[in-house]
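Here is the structure we will look at, set down as structure tokens.
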Amino acid sequence: MESSECSLSQAMRFVFSGGIDTIGVLANQIEYLRTHFSNPRVFYEANGKPTPLLIRMVKQILEGLRDLHQSGIVHRDLDIESF
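Residue numbers (my numbering): 5 to 87.
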């Protein structure tokens, strides 16, 4: 059985495209995205503030970068596709 979870970049593209961008996403992942990420407010509240989910995601990304840097690894071309 294939995993239905998806990458951060897939989730971000899905949300910010209004659910249109599903390139490279498996059918069961599309259902996961529709269930968990169909509302743009998953990342931003009505007042424009980031949601706790977005804060946790950014924190995890930054912690990963910190760990890489502490190991002497530097990633020069950070973009959403890297996650």
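Just so it is clear, CB atoms sit at the ideal spot from N, CA and C, and this is done for glycine as well.
Only a predicted model underlies this, so the values are computations on that prediction, with no experimental measurement involved.
- By the criterion of at least three beta-carbon pairs nearer than 8 Å, the region 48-59 is not in contact with the region 71-81.
- 9 Å or more divides the Cβ of V29 from the Cβ of F47.
- Taking the CA atoms as reference points, I34 sits about 10 Å from I27.
- Here G23 is actually not in contact with R45; their C-beta atoms are around 14 Å apart, not less than 8 Å.
- According to DSSP, residue pairing for P54 in a beta bridge involves Y48.
- Pairing H79 with L69 gives a Cβ-Cβ distance under 9 Å.
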